[in-house]
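K.L.:
Chains as they are written, first to last, in the numbering used here: chain A, 30 to 279; chain B, 30 to 279; chain C, 30 to 279; chain D, 30 to 279; chain E, 30 to 279; chain F, 30 to 279.
Backbone N, C-alpha and C define an ideal beta-carbon position, used for all residues, glycine too.
Structure provided below as structure tokens; questions to follow.
Number of protein chains: 6
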Amino acid sequence: MTLVGGGGVILHIEKGRTGIAPIDDLLIDELPSPLTIGIFGPPGTGKTILCRQFLCEALRNGQTGVYIALDDFPEGVRELIARSGFELEAFERKGRFFILDCYSSQVGRRSSEKYFEDPRNLSNLSIAVSGVLQQGKPGAVMVILDSLTTLIQKCGVTESLGFLHILIAKIRSQRAGCIIKFNSAAFNPAVAAAVQDIVDGVIETKAEETPVGVNYCLRILKMRGTRHLTTWNPYIIDPKLGLLKNWLRV
Amino acid sequence: MTLVGGGGVILHIEKGRTGIAPIDDLLIDELPSPLTIGIFGPPGTGKTILCRQFLCEALRNGQTGVYIALDDFPEGVRELIARSGFELEAFERKGRFFILDCYSSQVGRRSSEKYFEDPRNLSNLSIAVSGVLQQGKPGAVMVILDSLTTLIQKCGVTESLGFLHILIAKIRSQRAGCIIKFNSAAFNPAVAAAVQDIVDGVIETKAEETPVGVNYCLRILKMRGTRHLTTWNPYIIDPKLGLLKNWLRV
Amino acid sequence: MTLVGGGGVILHIEKGRTGIAPIDDLLIDELPSPLTIGIFGPPGTGKTILCRQFLCEALRNGQTGVYIALDDFPEGVRELIARSGFELEAFERKGRFFILDCYSSQVGRRSSEKYFEDPRNLSNLSIAVSGVLQQGKPGAVMVILDSLTTLIQKCGVTESLGFLHILIAKIRSQRAGCIIKFNSAAFNPAVAAAVQDIVDGVIETKAEETPVGVNYCLRILKMRGTRHLTTWNPYIIDPKLGLLKNWLRV
Amino acid sequence: MTLVGGGGVILHIEKGRTGIAPIDDLLIDELPSPLTIGIFGPPGTGKTILCRQFLCEALRNGQTGVYIALDDFPEGVRELIARSGFELEAFERKGRFFILDCYSSQVGRRSSEKYFEDPRNLSNLSIAVSGVLQQGKPGAVMVILDSLTTLIQKCGVTESLGFLHILIAKIRSQRAGCIIKFNSAAFNPAVAAAVQDIVDGVIETKAEETPVGVNYCLRILKMRGTRHLTTWNPYIIDPKLGLLKNWLRV
Amino acid sequence: MTLVGGGGVILHIEKGRTGIAPIDDLLIDELPSPLTIGIFGPPGTGKTILCRQFLCEALRNGQTGVYIALDDFPEGVRELIARSGFELEAFERKGRFFILDCYSSQVGRRSSEKYFEDPRNLSNLSIAVSGVLQQGKPGAVMVILDSLTTLIQKCGVTESLGFLHILIAKIRSQRAGCIIKFNSAAFNPAVAAAVQDIVDGVIETKAEETPVGVNYCLRILKMRGTRHLTTWNPYIIDPKLGLLKNWLRV
Amino acid sequence: MTLVGGGGVILHIEKGRTGIAPIDDLLIDELPSPLTIGIFGPPGTGKTILCRQFLCEALRNGQTGVYIALDDFPEGVRELIARSGFELEAFERKGRFFILDCYSSQVGRRSSEKYFEDPRNLSNLSIAVSGVLQQGKPGAVMVILDSLTTLIQKCGVTESLGFLHILIAKIRSQRAGCIIKFNSAAFNPAVAAAVQDIVDGVIETKAEETPVGVNYCLRILKMRGTRHLTTWNPYIIDPKLGLLKNWLRV
């Protein structure tokens, strides 16, 4: 495939594969093995659904999935995944998917998961993450942090950035991949810029108001060691199918 | 009904039903059963009246109503509902409507309601909510929080977001619905964005200044698991009839 | 009278009566009995004079007036009223007008009023207001708070909003009316939005710069249970006659 | 003189007299006897020179002058006045002019003035002001506060606004006049708006950048009990003659 | 020379002399003897080089120079001056130039200067300044403060403004001149406005982005007791020759 | 080579050499020997890659390299360098390259480097820097600080600026060069302006959004003692080759 990139350079594109069309469109090189990628955008742009897509692709590719759930009960996470038609149960049976339940503790409900933790205790959370990370093979684990937003609300910016530094160092040590969800509108822009500096890759989502409704777009702001296009790529959100190409706008 | 959505997709619309015309206009799928929906907008855009409409529709559909009143005396809440012509009394007699009076305590007046609490004590408030939630059947309760604004003013942002996390977890446990009123102009925009991340659905209201007066519009920013239009829908505010379609502008 | 409202609706207007022309112009329904109304605007737009008009109209209509004076000596308040030609003395003799002097204490001057208090002690102030409120009959008292601005400067935002919640609850208990003066430029806009949420009605004033000088306008942002126009209505300020219609601009 | 005011009203103007042409141009009624007037503007717009003009006019009209000097040594103040050609010495001899030296104490230099105080001790400063105020006859004293800016820098916003409330109450008790210099660019705009609420009159200065240099203008934002024009009036700054009409722009 | 000033006034210009062409262009009257002048601008506009020019002109005119060095080692200051070709050594030998070394102490390096101080101890710094000031004759000393920016970073805004008040009072007592370098982009604009109020004269620099690179301009915002033009005057920066007229733009 | 500079001056350019084309394009004079240069820009503009280029050029020119690594494990730094094809190993063997590992300590992992430190202890870090600096010859060391961003996040703005003052003083004492990476979007702009004041040279990067993707540009904001162009110079980022001229845009 032949495209004209920013600055007019003619590029021959050999696609890397995330399995997510609006992102794969933008990659020139293959993604290097495990990266820590942040998903940044305002509420209502499908960030949670994008996390689900990264997770399901990783499971399909033989990796072990770890979902750090700060924003919903484990059954809510399972419903979210089920809504896409993905059959999670087999993966759970084979020890290929774990939820680190950081939500139940907030209502004083006893978690029925194997891994659970109170997110306000960042030291314990750090230890719990180490424990669950060791359930997968190095180089074959995908961690979803849903969401960094809630962590920062509960623990403050400084402490959470400190935890994030440590989390990413651990994930790098294990050569695991990681997807971090971040509501960029909930904080001063400098907080997002600080997080963007810490992660290896940044995917931004935005919603543009138009007379006929909202138009969703994403772009790759940076991706360590990988050439990529830098355009905004329009997409549509389908609660079942995930983020899809918006063909009418390409 | 056939509409052209944002991005030009042709949609065949099968309406879900909230019974509130300016909102139903925007829904493509039916609303999944209980959701936590935030109503965000500046003062004077009819948010309180919209809460009343959600409540009355829920009562008409056989649900139990719970009104967490932080902004007025219980008689003020009853007057507000009576102004719409809705006959509340029968519902109260049958145990189908309760007010959790969080207002009287503020003037040291003894509440004459069965349920009352001082909103500054968030732990007690949390317990009181649990108590009143159990008056309805799971899956058939509608909670109105009027308003989160006042809660944040009395208890601070961090504490109130913490309480909100817990409140929503409890409501999800009971499979109840919830409407949360929020004055988005009274805080830094990041506070609204933070709340929008926590709730399942977001309805935004706005007031546009025009030479002939204010034009009111609402839109659905997000609605978990549901396809919806993303346009701004104009409406008019009638103190008795509620939010109505603004036919002249459709 | 027939007008075309915002959104093009044709309205037949039956005026409610505040006796203040630039406001009455904007009311469709009559004002429901006692309301708490905030007057919001920047310095130099006649807010103090508007308070005076509300007070004098209430006295003329047989109500008892209570002036909570934080910004001037009682003699300054009396001069302000005298400047309009209104004969206050008879009302004071008959116990139909009281000043709650919250100013003299600030210079350590002994107040010669029956009611006085140091505004920095919000608990005492709250008790003093209760005392003076009982001088009038329920449903027939008009309280002027001049000004909330000064209260917030002396006691802080959080404490003052807490006091305001209590003040309004007391006023509602007594079915009294209340006018609250607020310099919206002296604080972060979120503070004004927070106050606007607490009161029943909001009148906004503004000053537009034009090549031939300032043009003053007011509008009704919200008015509980009452239909109203939402346009900006131009007025002129006369130190003696009060806020008058600006006929040249209607 | 006949002018067309803002909003097109034809006004017959009978000038009040401050003796300062760019201000007198804007007054419709005479200034009522003693007022507290704030001069608000950014650095470099001649505020200090305007203070000097108010002071000299007051002295010429038989009033006693009090200069609260926070920004320069007494000799600097005397030089400033001398630069205009005004003969201050006779006034000082007859006890018609006093400097309250609040500057020397800052360098630990012993003041050679009769009245001096350390401005960081607001209680003492308040007492010192009372003392010097009593040197003039009630109704015939003009106080210059040069500057409120420095006071706020030394004592903080809250404390200084508290002091200002007290200062103005004392000045009103004595029926004295007062001119307050305020650098509106040195603080959040809300601080200026707060001060503007406390004083009786507000004169604003501004500097507009044009291709041929800066154009200076002033306007009257408010003036208690007095009708005035609300246009911006251009002026030029002469270090000797003071603020003069900018005839080329009228 | 005849120029048309802002507002169209025709001025006959008798230049004062700073010896710095882009500034002398703007002066109408001669500069009165010693003034405290602040140089305000963003990084990269030649402020340090402008300080050097003021210093060298003062030395050439027979004054004693005092350099308060907070941003570089004394050898760095000497290099900066040497780069202009100015022979400093003779002046140092004759006791006509001193560096108050406030930099070495920051790295725990023993200063080899006669005068040195730790800038974090503002009381000692104040005493040290007094000491070095007395090395010159009253009316014939030029002090360079390089920079106020660093002082504020080390000691905070409030403390540094307090120190600046004292420094300027001392300098006025000695009838010395003073140049103060201030990075106006490193703080809230209100901090610059506060400093501008304290000094006698203000020179502003700015950098305008143009398609062919940056265009540098300066203007005189205020200059006590002196008439001056108020236009922006373009200049170029030469590391050796200093700030020069940008003839192409005049 | 002959170019027309900002302001239209015709310049004969004798290039200094950093070996980095998009920067060398902008230099008129040769860079004076060791400078402290800050690289300022938002995430995703190739700042890390630019640091790598400065380092490799210094090593090629016979200097000793010191990498203060706060953002990745030493192996991550080595991978980054290896990706460019540069053979680091020989340099490490000959004692010509050192990593000061400030990352491993954050995950409690024992560093396998000779030099390591916990960056939160700024005193120790300062001592460690002194130690590693002495491994190279004065005038022949290049220090990379990757990144100041992380340092500020861990230690706060005030403490980090204090450390930076000391670091630069030490580097100047050793006549070493230094490259400082700074994410200018992660803090208030005033923080960047403060840092820009402290360093000798400033290179800014930016990313402009265009319809066909992002266009990267850099410029030299200041460079002590060196004439330079001030235009924005477009470049492209290649993960292997570094920052390259964007020929299509020159």
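1) Give a yes or no on whether 9 Å exceeds the smallest Cβ distance from B:Ser133 to chain C.
2) Is there a Cβ from chain B that is less than 9 Å from the Cβ of A:Arg140?
3) Alpha carbon to alpha carbon, what distance is there between E:Leu117 and E:Ala111?
4) Give the interface partners of F:Arg362 over in chain A, defined as CB-CB distance under 8 Å, in chain order.
5) Contact criterion: CB-CB distance below 9 Å. Does F:Pro218 meet it with respect to chain E?
6) For D:Ser176, count neighbouring C-beta atoms within 10 Å of its own C-beta (all shown protein chains included) and say buried if the count is 16 or more, exposed if not.
7) Compare the C-alpha of E:Ala87 against each of E:Ile208, E:Glu142 and E:Ser134 and name the closest.
8) Can you tell me the Cβ-Cβ gap for C:Thr289 and C:Ile156, rounded? I've got them flagged as a contact below 8 Å.
9) In terms of alpha-carbon separation, which member of A:Ser152, A:Asp147 and A:Gln163 lies closest to A:Phe127?
10) Drop a sphere of 10 angstroms on the beta-carbon of C:Gly114, count the other beta-carbons inside from all chains shown, and report buried for 16 or more, exposed for fewer.
11) For my contact list, F:Ala205 and F:Val172 are in at a C-beta cut-off of 8 Å; report their separation, rounded to the angstrom.
12) B:Gly34 CB to nearest chain C CB: under 9 Å?
13) In its own chain, which residues sit with a C-beta less than 7 Å from the C-beta of C:Glu233, not counting the 5 before and 5 after it?
14) Give the straight-line distance between the Cα atoms of E:Glu142 and E:Gln135, rounded to the nearest whole angstrom.
15) Within 10 angstroms of its Cβ, does F:Gly91 collect 16 or more other Cβ (buried), or is it exposed?
16) Between C:Glu59 and C:Arg256, what straight-line distance do the alpha-carbon atoms span, to the nearest angstrom?
17) Buried or exposed for B:Ser62, please, with buried defined as at least 16 other CB atoms from any protein chain shown within 10 angstroms of its CB.
18) In the segment 163–217 of chain C, which residue ranges form an unbroken alpha helix (DSSP H) of at least 4 residues, counting only runs that do not cross its ends?
19) Considering Cα atoms alone, identify which of A:Arg46, A:Ile57, A:Asn212 and A:Thr187 is closest to A:Gln82.
20) I'd like to confirm the pairing. Which residues does DSSP put opposite B:Arg248 in its beta bridges?
21) Return helix, strand or coil for A:Ile57, following the three-state DSSP convention.
22) Hey, would you say C:Phe192 sits closer than 9 Å to C:Leu151, going by beta carbons?
23) In the segment 59–130 of chain C, which residue ranges form an unbroken alpha helix (DSSP H) of at least 4 residues, counting only runs that do not cross its ends?
24) Return yes when the Cβ of D:Ile52 is within less than 9 Å of the Cβ of D:Asn262, no when it is not.
25) What is the DSSP secondary structure of A:Gly262, counted as helix, strand or coil?
26) Have a look at D:Pro148, D:Gly124 and D:Glu121 and flag the residue whose alpha-carbon is nearest the alpha-carbon of D:Ser133.
27) Near C:Gly37, what residues of its chain come up, given a Cβ to Cβ distance below 6 Å and the 5 sequence neighbours on each side ignored?
28) Where do the ends of the beta strand (DSSP E) carrying C:Leu273 lie?
29) Distance check for F:Glu238 and A:Met252, CA to CA, integer angstroms please.
30) Measuring from the CB of D:Leu117, is there a heavy atom of the ligand GDP at a distance below 8 Å?
31) Rounded to whole angstroms, what is the Cα-Cα separation between C:Glu281 and B:Ile266?
32) Any C-beta of chain B within less than 7 Å: which residues of the segment 157–169 of chain C qualify?
33) For a test of the three-state rule: what should DSSP assign to A:Asp147, helix, strand or coil?
34) Short of 8 Å in beta carbon distance, which residues of its chain neighbour F:Pro268, apart from the five on each side in sequence? Order them along the chain.
35) Identify the contact partners of F:Ala6 in chain A, using a Cβ-Cβ distance below 7 Å as the criterion.
36) Quick one: is E:Asn212 buried, meaning 16 or more other Cβ sit within 10 Å of its Cβ, or exposed?
P.N.:
Straight from the coordinates:
1) Numbered from its first residue, the second sequence carries residue 133 of chain B at position 104. With 9 Å as the cut-off, B:Ser133 counts as an interface residue toward chain C.
2) Mapped onto the first sequence, residue 140 of chain A falls at position 111. The identity of residue 140 of chain A in the sequence shown is Ser, whereas the question assumes Arg. False, the Cβ-Cβ gap to chain B never drops below 9 Å.
3) Taking the first residue of the fifth sequence as position 1, residue 111 of chain E is located at position 82. Taking the first residue of the fifth sequence as position 1, residue 117 of chain E is located at position 88. Going from the Cα of E:Ala111 to the Cα of E:Leu117 covers about 7 Å.
4) Missing from the structure shown is residue 362 of chain F; chain F here goes from 30 to 279 and no further.
5) In the sixth sequence, the residue the question calls residue 218 of chain F occupies position 189. Yes, because at least one Cβ of chain E sits closer than 9 Å to the Cβ of F:Pro218.
6) Residue mapping note: residue 176 of chain D aligns to position 147 of the fourth sequence, counting from 1. Buried, by the Cβ-count rule.
7) Numbered from 1 along the fifth sequence, position 58 holds the residue referred to as residue 87 of chain E. Closest in C-alpha terms to E:Ala87, from the list E:Ile208, E:Glu142 and E:Ser134, comes E:Ile208.
8) Not covered by the structure: residue 289 of chain C. The range shown for chain C is 30 to 279.
9) As a first step, residue 127 of chain A is located in the first sequence; it is residue number 98 there, counting from the start. The shortest Cα separation from A:Phe127 among A:Ser152, A:Asp147 and A:Gln163 belongs to A:Gln163.
10) Along the third sequence, read from residue 1 onward, the residue named residue 114 of chain C stands at position 85. Per the 10 Å Cβ criterion, exposed.
11) Within the sixth sequence, residue 205 of chain F is the residue found at index 176, counting from 1. Within the sixth sequence, residue 172 of chain F is the residue found at index 143, counting from 1. Rounded, the Cβ-Cβ distance is 6 Å, consistent with contact.
12) By one-based count along the second sequence, residue 34 of chain B stands at place 5. Since pLDDT at B:Gly34 reaches only 42, below the 50 mark, its modelled position is unreliable, and no value is offered.
13) Locating residue 233 of chain C in the third sequence gives position 204, counting from the first residue. Cβ neighbours of C:Glu233 beyond the five flanking positions: Phe69, Gly70, Leu247, Arg248 and Leu250.
14) Position 113 of the fifth sequence holds residue 142 of chain E. Position 106 of the fifth sequence holds residue 135 of chain E. Whole-angstrom Cα-Cα distance: 14 Å.
15) Looking up residue 91 of chain F in the sixth sequence gives position 62. Exposed is the call here.
16) To locate residue 59 of chain C, count along the third sequence from 1; it is residue 30. To locate residue 256 of chain C, count along the third sequence from 1; it is residue 227. Going by the C-alpha atoms only, they are around 8 Å apart.
17) Here residue 62 of chain B refers to the residue found at position 33 when the second sequence is read from its first residue. Around the CB of B:Ser62, fewer than 16 other CB atoms lie within 10 Å, so the residue is classed as exposed.
18) 177–184 and 186–202
19) The sequence position of residue 82 of chain A within the first sequence is 53, counting from 1. Here the closest residue by C-alpha is A:Arg46.
20) Here the question's residue 248 of chain B lines up with position 219 in the second sequence. Answer by DSSP bridge pairing, in chain order: B:Glu233.
21) Sequence index remark: in the first sequence, residue 57 of chain A carries index 28 (1-based). In this structure, A:Ile57 counts as coil in the three-state DSSP scheme.
22) Taking the first residue of the third sequence as position 1, residue 192 of chain C is located at position 163. Taking the first residue of the third sequence as position 1, residue 151 of chain C is located at position 122. For C:Phe192 and C:Leu151, yes; Cβs fall inside 9 Å.
23) Annotation: the segment 59–130 of chain C contains the following complete segments of the alpha helix (DSSP H) (minimum length 4 residues), in chain order: 76–89, 103–111 and 118–122.
24) Taking the first residue of the fourth sequence as 1, we reach residue 262 of chain D at position 233. Taking the first residue of the fourth sequence as 1, we reach residue 52 of chain D at position 23. Yes.
25) In the first sequence, the residue the question calls residue 262 of chain A occupies position 233. In the sequence on display, residue 262 of chain A carries Asn and not Gly. Three-state result, A:Asn262: strand.
26) The residue labelled residue 133 of chain D in the question sits at position 104 within the fourth sequence. The option with the nearest alpha carbon to D:Ser133 is D:Pro148.
27) If you number the third sequence from 1, residue 37 of chain C lands on position 8. Residue placement at C:Gly37 cannot be trusted, given a pLDDT of 39 that sits under 50; what the coordinates show is reported in the next sentence. So no residue of the chain qualifies.
28) Start at 1 with the first residue of the third sequence, and residue 273 of chain C comes out as number 244. C:Leu273 -> beta strand (DSSP E) spans Gly271 to Lys274.
29) Within the first sequence, the letter at position 223 stands for residue 252 of chain A. Within the sixth sequence, the letter at position 209 stands for residue 238 of chain F. C-alpha of A:Met252 to C-alpha of F:Glu238: approximately 17 Å in a straight line.
30) In terms of ligand content, the structure shown is empty, and the ligand GDP therefore cannot be addressed.
31) No answer is possible for residue 281 of chain C: the residues shown for chain C start at 30 and end at 279.
32) none
33) Reading the first sequence from its first residue, position 118 is the one you call residue 147 of chain A. It is coil, neither helix nor strand.
34) As a working note, residue 268 of chain F is residue 239 in the sixth sequence. Cβ within range, chain order: Ile78 and Arg112.
35) Nothing can be reported for residue 6 of chain F: it is not among the residues displayed for chain F, which extend from 30 to 279.
36) As a working mapping, residue 212 of chain E is identified with position 183 in the fifth sequence. Buried, by the Cβ-count rule.
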